[in-house]
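Q: In the UniProt record's numbering, the protein residues as written are 1 to 281.
Using N, Cα and C, we set each Cβ at its ideal position, and we do this for glycine too.
(1) Spatial neighbours of residue 7 within its chain, please: CB distance less than 7 Å, with the 5 preceding and 5 following residues excluded, ordered by chain position.
(2) With distances taken between CB atoms, is the gap from residue 275 to residue 61 smaller than 8 Å?
(3) Using the Cβ count rule (16 or more neighbours within 10 Å means buried), how would you classify residue 161?
(4) Smallest Cα separation from residue 221: which of 246, 241, 231 and 233?
(5) With burial defined as no fewer than 16 other Cβ atoms inside 10 Å of the residue's Cβ, what is the status of residue 80: buried or exposed?
(6) What first and last residue would you give for the alpha helix (DSSP H) that runs through residue 131?
(7) What is the rounded straight-line gap between the Cα of residue 261 and the Cα of residue 105?
(8) Taking the Cβ atom as the reference point for each residue, do residue 103 and residue 18 lie within a distance shorter than 8 Å?
(9) What's the C-alpha gap between residue 67 and residue 110?
(10) Kindly indicate which three-state DSSP category residue 11 falls into: helix, strand or coil?
(11) Excluding five sequence neighbours on each side, which residues of the same chain lie with their C-beta closer than 6 Å to the C-beta of residue 82?
(12) Count the other CB atoms, across all protein chains shown, that sit within 10 Å of the CB of residue 214; report buried if there are 16 or more and exposed otherwise.
(13) Below 8 Å, can you find three or more Cβ-Cβ pairs linking the stretch 166 to 180 to the stretch 117 to 127?
(14) Flag this pair as yes or no: are the beta carbons of residue 267 and residue 124 separated by less than 8 Å?
(15) Starting from residue 258, trace the alpha helix (DSSP H) in both directions and tell me its first and last residue.
(16) Using a Cβ-Cβ cut-off of 8 Å, state whether residue 180 counts as contacting chain B.
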């Protein structure tokens with residue numbers, strides 16, 4: 001079989017993907033907007049009981065250090081703020097959206113463990129850098145979403161990618177380009193367009209493997225470093241996991257000294273455990 005894919009073929013395959021709840025699409029599309037009717041969105045989310053329950057479990061986890069137990073979305077917004085609550089709703093929805101696909105060699109849970117690990121690390125790193133933690137968490141969670149696009153829409157093709165990687169002992173990005181002629185970054189950007197992600201998210205997804213490129217934006221730098229650290233900590237629990245190369249430009253940009261780096265690693269591991277417990281079934 002011819003394993004090469006074109007960008008247009010990937011775009012055509014997006015119609016077969018599951019849809020996110022309409023309210024989550026609204027939240028993702030409005031991430032850069034300030035004039036959002038919070039009460040209306042809280043009411044819409046509350047109509048989805050499973051999504052509400054998962055969001056509230058996350059809000060009440062120690063990662064968010066609330067002194068009170070929140071029992072409604074409106075309460076979560078009151079105590080955590082709208083941006084953080086939106087971030088939690090998005091995380092709860094996206095991690096439950098994609099069904100497991102039969103693709104030999106692809107570990108669905110390991111994929112989400114790494115994504116949640118990257119999101120957690122990005123949030124901790126963003127706090128250290130005084131950058132928006134909610135943007136960082138959401139972008140960290142979604143940075144590899146193109147991989148799920150390829151696995152879900154083209155499982156037989158992706159099996160060959162995984163087999164090629166195993167034979168050549170390389171990172172997935174290299175295997176994707178060699179076998180498909182397209183990679184998960186391009187597939188992620190196609191989905192970002194299809195789901196109307198904000199420009200903030202698109203830049204982070206598009207630049208997370210090349211944060212030094214002109215116009216990539218600082219969020220791409222944060223996600224790149226968080227991605228590498230999540231791999232290095234082996235939060236996905238994958239045997240023989242390869243750590244992707246770290247951009248020297250990105251590492252210099254986050255200027256972590258030894259003490260800050262140690263704190264980042266420790267906080268990431270602590271927060272990851274609890275967040276993963278809520279988000280992964």
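A: For this structure:
(1) Excluding sequence neighbours, residue 7 sits near 182, 186 and 190.
(2) Yes, the Cβ-Cβ distance between residue 275 and residue 61 is below 8 Å.
(3) So residue 161 ends up on the buried side.
(4) Measuring from the Cα of residue 221, the nearest candidate turns out to be 246.
(5) By the 16-neighbour rule on beta-carbons within 10 angstroms, residue 80 is buried.
(6) Unbroken run through residue 131: none, as it is neither H nor E.
(7) Straight-line Cα distance between these residues: approximately 33 Å.
(8) No, Cβ-Cβ distance for residue 103 and residue 18 is not below 8 Å.
(9) Approximately 32 Å between the Cα atoms of the pair.
(10) When DSSP states are grouped into helix, strand and coil, residue 11 belongs to the helix group.
(11) Hits under 6 Å: 38.
(12) Looking at its Cβ environment, which holds fewer than 16 other Cβ atoms inside 10 Å, residue 214 is exposed.
(13) Between the stretch 166 to 180 and the stretch 117 to 127 there are fewer than three C-beta pairs closer than 8 Å, too few to call the two in contact.
(14) Residue 267 is a Cβ neighbour of residue 124, given a cutoff of 8 Å.
(15) Note, residue 258: alpha helix (DSSP H), 258 to 279.
(16) Included in the structure is just one protein chain, with no chain B present.
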